[in-house]
Structure formats: structure tokens, C-alpha cells
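Undergrad:
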Amino acid sequence: MDDKSLLQIAAMGGVMGLGHVLSPDHLSALATLSAGGGVEAFRLGVRWGLGHSIGMVGAAMILLTVTWSVAHTARATSGKDAAKQLAGSIAEFSEAMVGLVMVAVGLYGGFRATRERRRRAKESKDAGHSHHDHSHCHAHNMPIHNTRDAALALGVGVVHGLTHIVWVLPVLQMPRLRDASAYLLAFSLCSTGLMGLFAALWGVVTRHTNSERVTCALEIASSALSLAVGLAWLALLATGRLDDSVFGDHGHDHGHGHDHDHVYLHHGDPTEEERRLYHDLRGHQRHRHHRLRSML
Numbered sequence: 001m002d003d004k005s006l007l008q009i010a011a012m013g014g015v016m017g018l019g020h021v022l023s024p025d026h027l028s029a030l031a032t033l034s035a036g037g038g039v040e041a042f043r044l045g046v047r048w049g050l051g052h053s054i055g056m057v058g059a060a061m062i063l064l065t066v067t068w069s070v071a072h073t074a075r076a077t078s079g080k081d082a083a084k085q086l087a088g089s090i091a092e093f094s095e096a097m098v099g100l101v102m103v104a105v106g107l108y109g110g111f112r113a114t115r116e117r118r119r120r121a122k123e124s125k126d127a128g129h130s131h132h133d134h135s136h137c138h139a140h141n142m143p144i145h146n147t148r149d150a151a152l153a154l155g156v157g158v159v160h161g162l163t164h165i166v167w168v169l170p171v172l173q174m175p176r177l178r179d180a181s182a183y184l185l186a187f188s189l190c191s192t193g194l195m196g197l198f199a200a201l202w203g204v205v206t207r208h209t210n211s212e213r214v215t216c217a218l219e220i221a222s223s224a225l226s227l228a229v230g231l232a233w234l235a236l237l238a239t240g241r242l243d244d245s246v247f248g249d250h251g252h253d254h255g256h257g258h259d260h261d262h263v264y265l266h267h268g269d270p271t272e273e274e275r276r277l278y279h280d281l282r283g284h285q286r287h288r289h290h291r292l293r294s295m296l
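Here it is as C-alpha cells:
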């Protein structure tokens, strides 16, 4: 693979990283954690992105290790089969965790916003100038990027990174470490940067309002969004419709006799092995979703 192809791999990783950030579970979680943080929320968004990259790259390294180590055996595809099964197991667990984490983040954000509003109201009343107080829910001496919020952002990012393991499947088709590294590095850098920018933008919007009531309302709305998306996520997972609704079930022919090839790395038609690997993974996940539904 020449240098031009390596650049194409990096470009594809970057584009997929940017598109990946726009999923509703990512935006709602970032909005909740960054609400009222101002420009400083950029750091929190970057920490979230770093956690997300840790989860995805960690999963990719495990899959690559399984694939490349077993690929040296007599049956070359056994490594991919083992990686496929492992990916399905990781995705099943982490998809459930994402829903639970988003519900928890929504509850935490709402509690934090109402607590800060009550605290500021009490301080204003005690000082005797409540009618002059236009401060926000997050006081300037309580930055959004404190240790607790930073750790929370990192941890939530890791969980989200694990659940979107399907985005790292292209690395299983790469024969060399440098190709996989270029894809993962570009994906991580672009997604982390965009997460930081979104967090900073939302932090500024929710902080620079002329009313404490409006600021708190925006923070509570962000928390409610995270809670709603989390509950919807769990409902879709329980009914076996999460793939179609969130991931778009890319790569399946949907009964039309053709595939959507943009999930694959190269620009040409995907090979039969690539189709089989991707389709089997998504079928494995749907089977687990249907089994979960029957248990509820």
C-alpha cells in the first residue's frame, strides 16, 4: 500500500470520525456535561473525546490481536470469526451500558442544575441582594472542568466508544499496523476535536444568557434530552430495533439486493469476505437483541 493509499485511509478515518460525533447519544451526553461551562467546556469535551477514543482504540486493538494472531493458523479466517464473535459480545454489553449511563447522566445533570440554582438563590437571599443577582447556575469558582466532571466525562466517553465498535471494523481488513494506526488516529483526532468544539459552543450558549432562570432552564433541558435519549435507547435495544434506528443497519441490503458500501474502507466494491464479516456481526447483534426482547 503506497503513501497515497495511506492518506486515503487517514482521510476516510477522519470523515467517519466527524460523522460519528453527530449521533444523538453523543450530542445529548455532551450537552448535559458541558451546559453552563462556557469556553472552559472545551476541555471537558476533549476529555470526553479522549475517553471515547480509549474505548474504541482499545476494542480495536483487542480485535486486531485476535485477528492477526489466529490468522497465522491453517484456517486464515478463523481469526476474523473469533474477532467477529468478540465484537458482538462487547457491543451487546456496551450498548446496554450506554443507555443506562445516559439516563444516569441526565439525572445527574438535572440534580446539579437545580442544586446550584437553589444554592445561588440562598446566597443571594442571605446577602440581601437577590434582585441584583444575575449569575448563572454554575458559579465562576466552580469550573465545569473540575476533577469530578472531568472523570465523569472520561468514563462516559469510554463507554460510548465501546458501544460504537462497528466503526472500527474496517481495521480488521488492513494487513499492516501502520494502516490501522492511520485510520484510528485520524478517527480519534477528528472526533475528539469536534466534541471539544461542540462542548465549548454549548457551554457558551448556556452560560452567556441574561437570566439565571434561562440558564438553568437550558441546563435542565440538556439533562432531560440525555434522559429521554437514554430511555429511548434502552427501549430500542429491548425491542431489537436499535441497529435500524441508530446505526442505520448499514451494510445490509434491506431486501433490495445491494449493499451500502460506505461502511467499507476502500472506494471499490467490498469483497465477499468483507460483506460476510460485517453482515454476520450485525446479524449476531440482532439475534442477541431478539433474545433480550423475549426475556423481558
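For what it's worth, the UniProt record's numbering labels the leading residue of the sequence shown as 1, then goes sequentially. All C-beta atoms, glycine included, are put in the ideal place defined by N, C-alpha and C.
(1) Nearest to W48 by alpha carbon, out of M12, A228, A29?
(2) From which residue to which residue does the alpha helix (DSSP H) around G196 run?
(3) Would you mind stating whether G38 and S226 have Cβ atoms separated by less than 7 Å?
(4) Going straight from the alpha carbon of F111 to that of D179, what length do you get?
(5) Which residue from A235, L197, H160 puts its Cα closest to that of A41?
(6) Do you know how far the Cα of G51 is from the Cα of L63?
(7) Which value, in whole angstroms, describes the spacing of the CA atoms of A199 and T239?
(8) Give me the Cα-Cα distance between A60 and L184, rounded to the nearest whole angstrom.
(9) Rounding to the nearest angstrom, what Cα-Cα distance links L6 and G14 in this structure?
(10) Given a threshold of 16 other Cβ atoms within 10 Å of its Cβ, counted over all protein chains shown, does A10 qualify as buried or as exposed?
(11) Could you tell me the alpha carbon to alpha carbon distance between N66 and S188, rounded to whole angstroms?
(12) Alpha carbon to alpha carbon, what distance is there between H160 and H26?
(13) What's the gap between the Cα of E116 and the Cα of W202?
(14) Name the residue from M16, G36, M12 whose alpha carbon lies nearest to the alpha carbon of S204.
(15) Does the beta-carbon of R119 have 16 or more other beta-carbons within 10 angstroms, so that it is buried, or is it exposed?
(16) Could you work out which residue in S223, R43, V158 is closest to M97 when comparing CA atoms only?
(17) So, at 8 Å on beta carbons, what are the nonlocal neighbours of L152 in its own chain, with the 5 sequence-adjacent residues on each side left out?
(18) Out of curiosity, what's the CA-to-CA distance linking S53 and H208?
(19) For A150, which of A31, G19, G45 has the nearest alpha-carbon?
(20) Using 10 angstroms around the beta-carbon of M16, count the other beta-carbons present and answer buried if the total reaches 16, otherwise exposed.
TA: The structure says:
(1) Sequence index remark: in the sequence shown, residue 48 carries index 48 (1-based). The candidate whose alpha carbon is nearest that of W48 is A29.
(2) Residue mapping note: residue 196 aligns to position 196 of the sequence shown, counting from 1. First-last of the alpha helix (DSSP H) with G196: 177–207.
(3) As a working mapping, residue 38 is identified with position 38 in the sequence shown. As a working mapping, residue 226 is identified with position 226 in the sequence shown. No, Cβ-Cβ distance for G38 and S226 is not below 7 Å.
(4) Within the sequence shown, numbered from 1, the residue matching residue 111 stands at position 111. Within the sequence shown, numbered from 1, the residue matching residue 179 stands at position 179. Between F111 and D179, the C-alpha separation is close to 45 Å.
(5) Along the sequence shown, read from residue 1 onward, the residue named residue 41 stands at position 41. Comparing Cα positions, the closest option is L197.
(6) Along the sequence shown, one-based indexing puts residue 63 at 63. Along the sequence shown, one-based indexing puts residue 51 at 51. Looking at the two C-alpha atoms, the distance is approximately 18 Å.
(7) Here residue 199 corresponds to residue number 199 of the sequence shown, with the count starting at 1. Here residue 239 corresponds to residue number 239 of the sequence shown, with the count starting at 1. Roughly 32 Å separates the two Cα atoms.
(8) Taking the first residue of the sequence shown as 1, we reach residue 60 at position 60. Taking the first residue of the sequence shown as 1, we reach residue 184 at position 184. Near 9 Å, if we compare the C-alpha coordinates of L184 and A60.
(9) Taking the sequence shown and counting its residues from 1, the one referred to as residue 6 is at position 6. Taking the sequence shown and counting its residues from 1, the one referred to as residue 14 is at position 14. Going from the Cα of L6 to the Cα of G14 covers about 12 Å.
(10) As a working note, residue 10 is residue 10 in the sequence shown. Buried, since its Cβ has 16 or more Cβ neighbours within 10 Å.
(11) Here residue 66 refers to the residue found at position 66 when the sequence shown is read from its first residue. Here residue 188 refers to the residue found at position 188 when the sequence shown is read from its first residue. The sequence shown places Val at residue 66, not Asn. Answer to the nearest angstrom: the Cα atoms are 22 Å apart.
(12) Here residue 26 refers to the residue found at position 26 of the sequence shown. Here residue 160 refers to the residue found at position 160 of the sequence shown. Roughly 8 Å between the two C-alpha positions.
(13) Position 116 of the sequence shown, counted from the first residue, corresponds to residue 116. Position 202 of the sequence shown, counted from the first residue, corresponds to residue 202. Distance between the alpha carbons of E116 and W202 is about 18 Å.
(14) To locate residue 204, count along the sequence shown from 1; it is residue 204. The displayed chain sequence assigns Val, not Ser, to residue 204. Nearest C-alpha to V204: G36.
(15) Taking the sequence shown and counting its residues from 1, one reaches residue 119 at position 119. Classification of R119: exposed, given that the 10 Å Cβ count is below 16.
(16) Translated into positions along the sequence shown, residue 97 becomes position 97. It is V158.
(17) For the purposes of this step, residue 152 is taken as residue 152 along the sequence shown, with counting starting at 1. Closer than 8 Å at Cβ, skipping near neighbours: L33, V105, Y108.
(18) The count along the sequence shown starts at 1 and reaches residue 53 at position 53. The count along the sequence shown starts at 1 and reaches residue 208 at position 208. One C-alpha to the other measures close to 30 Å.
(19) Walking along the sequence shown from the start, residue 150 turns up at place 150. Closest by alpha carbon: G45.
(20) By 1-based counting over the sequence shown, the position of residue 16 is 16. Its Cβ being crowded by 16 or more others within 10 Å, M16 is buried.
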